[in-house]
Amino acid sequence: MTAVDPRGPAATGPRRRPVTAGRNGGATLWAGLVLVGLVVLAAVVSVWWTPFDPEGVFPDSILQPPGTAYLLGTDSFGRDVFSSILRGAQIALLVGTVAVGIAAGLGVPFGIVAGMNPGRLDQFMMRGNDISLAFPALLLAIIFGAIFGAGTITAMVALGIGTAPAFALIARSGTMQIMSREYVLAARAAGKSGLFIGVRHILPNISGMLIVQASVSFGIAVLAEAALSYLGLGTPPPTPSWGRMLQEAQGYLFVEPLLILWPGIAIAILVLGFNLLGDGLRDRFDPRMQVKR
Amino acid sequence: MVLVVLRRIGLFAATVVVASIVTFLMLSILPGNAARIALGVQATEADVAAQTKAMGLDRPAVVRYLDWFGHVLVGDFGTSTVSRRAIGPEITDALGITVILVLTSVVLALLFAVPFGILSAVRQRKPDGAILSGISQIGVAVPGFLAGMLLVTVFAVTLRWLPAGGWVDPGDDLGGFLQHLILPAIALGSVQGAVLSRYVRSSVLEVTREDFIRTARAKGLGVGRALFRHGLRNAAVPVMTVLGLQIASLLVGAVVIERVFSLPGLGSLLLDKVALRDLPAVQGIVLVLVVFVLLLNFLVDLAFTVIDPRLRSAS
Amino acid sequence: MTPPTLSVRDLRVGSPFAELLHGISFDVAAGERVGLIGESGSGKSLTATSVMGLLPETLTATGTVRLNGVDANLLTAPERSLNQLRGNTLAMVFQEPMTALNPLMRVGAQVAEIMTVHHTEPGRRQAWERAVTLLAQVKLSNPRAAAQAFPHQLSGGQRQRVMLAMAMANNPQLLLCDEPTTALDVTVQAEVLKLLANLVADRSTALLLITHDIAVVAEVCQRVLVMYQGNIVEDGPVARVLTAPQHAHTQKLIAASDLSAVDARGRLHTRSRPVIVTPITPAVDSAQRTIEADATAAPILPHRAAHQHLERGGPPVIFNAVAGAPAIRVRALSRQYRRRGGGGLFAPAPVVHGLRDVSFDVAEGQRLGIVGESGSGKSTLMRILCALDRPSSGTVDVLGQPIGTASERQLRDFRSQVQIVFQDPMGSLDPRMKVRDIVAEPLHNVNRAEVRARVEAQLSAVGLDADVMGRHPHQFSGGQRQRISIARALISRPRILVADEAVSALDVSVRAQVLNLLADLVDEYQLTLVFVSHDLGVIRHLCDTVAVISDGRIVEGGPTADVLDHPLHPYTRQLVGAMPSMHQLARRVSN
Amino acid sequence: MLASLGLVGCSVGTASTGTEPDTSLTVGLLATPGNLDYTTTAGAAIPQALLYNVYEGLVKLDNDGTIMPLLAKSWTVSGDGLVYDFQLNEGVTFSDGSPFTAASVKFSLERVKDNWSANGPAYLDPIAQIEVVSDSQVRITLSKPSNSWLFNMSGPVGTMFTESGIADLATDAVGTGPYTVSSFKTGDSLVLATNADYWGEAPYMSDVTLRYFTDATAQTNALLSGDISLISGISQFQLVDQFKSNADFQVLEGASTGEVTLSMNNAGAAFSDVRVRQAVMYAIDRQAVLDTANSGYGLLIGSMVPPTDLWYDASLADLYPYDPDKAIELLDQAGVSDLSVAFKIPNLPYAVAGAQVVKDQLDKVGITANVTVLEFPAVWLDEVFANHDYDMSLIMHSEPRDATSFAVPSYYAGYDSPEVIAKFAQADAADAATHVELMREATRTMTEEAAANWLYLQPAISLADADLLGVPKNTPSLALDLSTIAR
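Residue numbers (my numbering), protein chains in the order written: chain P, 472 to 764; chain Z, 19 to 333; chain X, 297 to 887; chain V, 434 to 920.
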């Protein structure tokens, strides 16, 4: 696994935001959207249509080179690589979405609760968070793989739980900032409950940094799934997953070197897309980057 | 002061104990029978039962936990159910390899990331800055094992300059050690370097917008000098957080590179031991990993207090 | 005639989207002290940063900026030669002392650096020694220890002195100061200004002082430039501009700054048309009606506090003791904080920003002002009064209900009776919420249609149209936001309104409008008002009674006029002295 | 970095520079031994490294599968096949210096019953009595004649130990073989050095390092880059072709005993009907499986018998030609429609690849195979092997002559044919010719009754530097016999 910081660049705190070329991250944001959009399009299209069946076995068309019949050639099972790449987009997006969903679903409420209750509870919860930070996603994936059996769901859950502490940290530091804002005091003075304040005031106001974190985590999850596939802990066949395609293509590096290129490019496009998206969003959400009127 | 230190150590110890319980519980529900794996396909049920008893797996979980953790506290990780050797040395050997690999790769990553990140931040609005940051963006997006595989293909298989994998102890043969270290360290370091350079870039950019940099400029320092004299130490703080986290996640994360290069590191050991359901070993490895990460966080915190005087007076 | 130290001609600054400075021209003569005054966004800071050559990269400047003895136009001069000027011939002090110093570097080293950079001292040792001397010159009590300190160990005022020491190190020809005292407490502000004036006078350095505060200009400067929307609209001697402003904007600015001047109806002068306060529509629910009926049935007798000087160590004194049932009764209130980290190096350790044994009453209908500096405990008091914080000991009864130990459930009714308006118009409104939801927040168990009706009525009561309901806070100016805050505070028909520095962050002209509005509404709703501020002018205008709080204690209190005109406690005297009125200023400068 | 590249660039690999013969060898292997004790630890990895190299028995199998003398110089068998008289080699010592005598034989073989828990202690069940006739003579009496017994004696259970060398078998291997273990790093390498006191002819290779890989690509990369000189038993055959066209290397294709088996739970609901099992036989195009999942390497055998066994029957490969229509017909006859089976495979490359083809082909005859990939060995052993909780699996049976055990009713296949069991029992006790005949009959019945679908025989392919001689081609036993290798 490429050991990307599990908390992502947003982790270093809301005040630490990188700036990318382009005003308000416009160009970066658009580049990210286009790349991610491309993958989403591939995933959606592949629900109804792929040039060939990406899950069957076709002994007659093994390892065909790229050409007019097969745009990107075929693999050792005779499957059209282009079709597999299209269908693989589904798994990549699924893994990213579910992993990030679990991470945010666990981490954000945890972080908000901790941030809203400074003192003992916060200390206690953060210590717990430290412990879960000490179990990185890959370690969890290995252990969960052994407990529940390797597969897409296990990988997604492990990645999700492994990334949750990062979300908790971000949510907590954001919450602590928002808690010192006067509108939270005003809401308390207005007799609003903690739940109301958490949902209506804090969550919307930290959503910017959470979205940034989510988009970065998404890229990390896609890379991690590829790494897990390499270790045999990823999506099992025949469902096409880019990570496994990469792993399978490894054996054909000298026979059909292009095979390793396609899933590699697909992964890079998606990860790059989400990183750019994250950078662009970061710049957009950075209040100091906004033009004052 | 002493009290503060004691409190922190106490807290750390408590964290380790909780982590050990989590580790134990998590692993106690591993499916698969270690006794049967040890005996293989020809064993009878009676053999398996006897073996289970011999391995001490028939005792209640609490007893097993206390027995295990009690011994761990005195430095005894127990005996592997597979290799029948003390687990401690197996872990230290593997940990040594992983730590050397990770640290080397991090040093390489820093050597690349710091100048690269600073340059792409300073030249942010110039085309070359955009190209630099584009390179790191793409570097981040490439799976690390792909980088490793390509390095092997080029430098080991095609050019035959360097070995394709394996490990040589520095004590046995220093030259061989270095040869075997280079490719995996580069493979691991290149992706980390790309990641780090983005953090360096963003935190340098962040610092350049600080008021005290403006103060430095107003004193008559040029952009570069202001950044160098006042910016870098400040920019180092967030980069160090990331570095600490990176090292922590690399201890397990290096397993992929260890597999590509057939290095018997800690992650590899973990995978092997999990496959063999060598529970005492797996527990030991996971605990060592977790404690190592906790320790690392502790050290990063400590490093902050060295860098940042504001934190020093807090204790 | 000697050429001016600074000569600016047709300076234009623009972003890719708009021009922000529209060709301003002015001179600063050698040794002259010039004030540059204007409201936020008028372009005064841009002027200074253009002169320094430190504009943000996204902005471009045209025109000429010349410095006596330098051939080149500073706007086009190469970076290298600018570097030689900055910190040497040309120095600048910024507004925010907390962030302007490198947190990781010792203060002495930061001061010494400006000399090693320009080689005005032969070596590091000498530079350090001179840094210590300079720190002594800016009146830091233990300069040698201060040099060894890190910035976070110094208070804001001390840091600003360090900045001054740094700026003056190389005896510059011109010193630019951008709101150098805005972030400081009033008493500290006065001292720093005095120091600044002395320093530039001693070295006959020309000074360009940027501020929004006329009082500051009057204190330090000889000449004043008034900026308005990217133009200089008035330029003249301070005395003349203060007493006989010519441009309409200047006139309004000065009128609004003077909180002692009121019109025939007792209202402050404002820049725009007066706000028409529409009568409140009768309340809808019956509970509300009963309260109002009660209020009208028993008109509150104005309670007059005795002017008391509450000495430390004396017998516990209850300030403003009210017989019967006061709106607020506070007895022996203390609040301690466990604060991590140590205090400043020199300042008395501000470890406990709490309250110590505070006892006072507020009668119904009374308007109590609480005056104090940052860290005095006034914000803590305010929060406790609103049950947003809990006392460590002592009792707080509000409207007869003990709130110190009450649960949130028990406070439900209290919450609608006591409302609060905060200082920061940016921070007190949730940027993600619509105005409608913000204002409606204190309403509970009210149906949608009625919420709408009441929000609409309340908005019009604070002078806002109903069509703002669907907008978000960022679409409003500071003054409008503060109106929204007030609308939110009043929608539940509270009986007590607590305001925390409610106008401190506003430009002077807007401040007057909001103060008028507040005064009107307090009358209208027969509110008991607790108004916390560091600004004696505001207190004098709005409050009938004042309590001066220092270091967690009430040190003096009584009827506002009595206390401010005849302060008893030395601290109060210091406060009053630091805040001259417009008339005094005008008198002082013309002498 | 560049400087260090230049520095180390030339000294990699095994290329010898001097005139001295290079007698060191590095071998790349896949399965790593967990320890050194095959008496209590299952798996082929330990015998592969130690048997014949460190440990020796009375007899060994040569590369063609013939039983040859080893520690026994010669032996005679009584007419009734019950009494074996072994004449032992003299002057043999264990690596700890203790002598090898008839007493060692008695000690070693008697130890098996009570102290061995892995690698088939039951193989020695036929032994009734062991007599030390003299230091160099031992007589073993069987309780019943057994054709398989002596064959089994060539495997791990026949290993000779010394009483002074069994204290710590897991870490300390004391044998009579040409090599001793000089170092062992779990998961990484096992280094063998020549036993200076070896009783026989010293092997050519004086230092042999067995390096363990987890990844077949890493293994071949190591060979290509010169890190290792020999790969014994490549597991992923797509990696082979690149070596065929490379003159620096030799590719040795031999026979193994690994039958890749699509096993069906005969005792389970889905496959209790022989027609359903036969339908699966017709439904699978085994050549297509071989081509896609195994890059075309391997031999279609159609039974559990490899060609190295005398009772191999080549015609069984054609017993069930690929005929999906026939399969559908059989399913109809059995009254089965919409059959959905739990297809639980181990997470091994050949199984994962093969299962995809099988699943695809079963789909075409209307059988839905729900593939679950189970961790091997841990979960697969528990779920499929021990608990029989599966309908179909795909696994390679690598032990030699394992058809007999496959027919045991309690075995995971659940195949219960009294006729076959009886024939195997008779065969073991019969004379040589009848033995072969009966074995052939029994294994044919197994295929006819579709006890399992034996997809193909995994080839034993070794890849080696071109200059390496005497590389064992076949793997008739578990051992990797290093003694014949030279350069």
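Glycine included, every Cβ here is placed at the ideal spot set by N, Cα and C.
Short CB-CB distance (under 8 Å) between residue i and chain V
{"i": "Ser-547(P)", "result": "yes"}
{"i": "Arg-54(Z)", "result": "yes"}
{"i": "Ala-453(P)", "result": "What the structure shows of chain P is the stretch from 472 to 764, and residue 453(P) is not part of that stretch, so it cannot be assessed."}
Buried versus exposed call for residue i [16 or more other C-beta atoms within 10 Å across all chains shown]
{"i": "Trp-520(P)", "result": "exposed"}
{"i": "Val-713(V)", "result": "buried"}
{"i": "Met-411(X)", "result": "buried"}
{"i": "Ser-916(V)", "result": "buried"}
{"i": "Glu-686(V)", "result": "exposed"}
{"i": "Ser-603(P)", "result": "buried"}
{"i": "Pro-525(P)", "result": "buried"}
{"i": "Glu-746(X)", "result": "exposed"}
is_contact[residue i, chain Z] using C-beta, thresh 8 Å
{"i": "Met-765(X)", "result": "no"}
{"i": "Pro-644(X)", "result": "At Pro-644(X), the pLDDT of 38 sits below 50, so the modelled position is not reliable; the number obtained from the coordinates is stated separately. With 8 Å as the cut-off, Pro-644(X) does not count as an interface residue toward chain Z."}
Unbroken alpha helix (DSSP H) run spanning residue i, endpoints
{"i": "Thr-880(V)", "result": "865-881"}
{"i": "Met-829(V)", "result": "Unbroken run through Met-829(V) is the beta strand (DSSP E), 825-830; no alpha helix (DSSP H)."}
{"i": "Leu-832(X)", "result": "832-838"}
{"i": "His-318(X)", "result": "Per DSSP, His-318(X) belongs to no alpha helix (DSSP H); it is in the beta strand (DSSP E), 315-324."}
{"i": "Gln-594(P)", "result": "591-604"}
{"i": "Trp-520(P)", "result": "Counting along the chain, Trp-520(P) falls outside any alpha helix (DSSP H), and DSSP gives it neither H nor E."}
Proximity test, Cβ basis, 8 Å: residue i and chain P
{"i": "Ala-589(X)", "result": "Note that Ala-589(X) scores a pLDDT of 35, beneath 50, so its modelled location is shaky and nothing firm can be said."}
{"i": "Asp-290(Z)", "result": "no"}
{"i": "Ser-267(Z)", "result": "yes"}
{"i": "Ile-47(Z)", "result": "yes"}
{"i": "Glu-808(V)", "result": "yes"}
Residue of the options minimising C-alpha distance to residue i
{"i": "Leu-316(X)", "options": "Ser-341(X), Gly-661(X), Phe-322(X) and Arg-457(X)", "result": "Ser-341(X)"}
{"i": "Pro-532(V)", "options": "Pro-559(V), Ser-581(V), Leu-515(V) and Glu-596(V)", "result": "Glu-596(V)"}
{"i": "Gln-454(X)", "options": "Met-464(X), Asn-438(X), Pro-468(X) and Gln-469(X)", "result": "Asn-438(X)"}
{"i": "Ala-551(V)", "options": "Arg-295(Z), Glu-224(Z), Thr-233(Z) and Ala-56(Z)", "result": "Ala-56(Z)"}
{"i": "Phe-134(Z)", "options": "Ala-112(Z), Ala-236(Z), Gly-147(Z) and Val-124(Z)", "result": "Gly-147(Z)"}
{"i": "Gly-334(X)", "options": "Leu-811(X), Leu-677(X), Glu-475(X) and Asp-720(X)", "result": "Glu-475(X)"}
{"i": "Val-590(V)", "options": "Thr-642(V), Ser-658(V), Asn-699(V) and Glu-489(V)", "result": "Glu-489(V)"}
N- and C-terminal bounds of the beta strand (DSSP E) containing residue i
{"i": "Glu-686(V)", "result": "682-697"}
{"i": "His-603(X)", "result": "That residue, His-603(X), is in no beta strand (DSSP E); it is neither H nor E in DSSP."}
Within-8 Å CB hit, residue i to chain X
{"i": "Ala-661(P)", "result": "yes"}
{"i": "Asp-334(Z)", "result": "This structure gives no information on residue 334(Z), because the portion of chain Z shown stretches from 19 to 333."}
- request: Give the residues from the segment 513-541 of chain P that approach chain V closer than 7 Å (Cβ to any Cβ), ordered along the chain.
  value: Gly-527, Val-528, Pro-530 and Ile-533
**OP:** Anything in the segment 784-801 of chain X with a Cβ closer than 7 Å to a Cβ of chain P? List those residues in chain order, please.
**Re:** Arg-784
* Check each residue of the segment 609-620 of chain P: if its Cβ is closer than 9 Å to any Cβ of chain V, include it; give the result in chain order. => Gly-616, Ala-617 and Gly-620
Any residues in the segment 130-157 of chain Z with a beta carbon nearer than 8 Å to a beta carbon of chain P? Which ones, in chain order? Gln-142, Arg-143, Gly-147, Ala-148, Ser-151, Gln-155 and Ile-156
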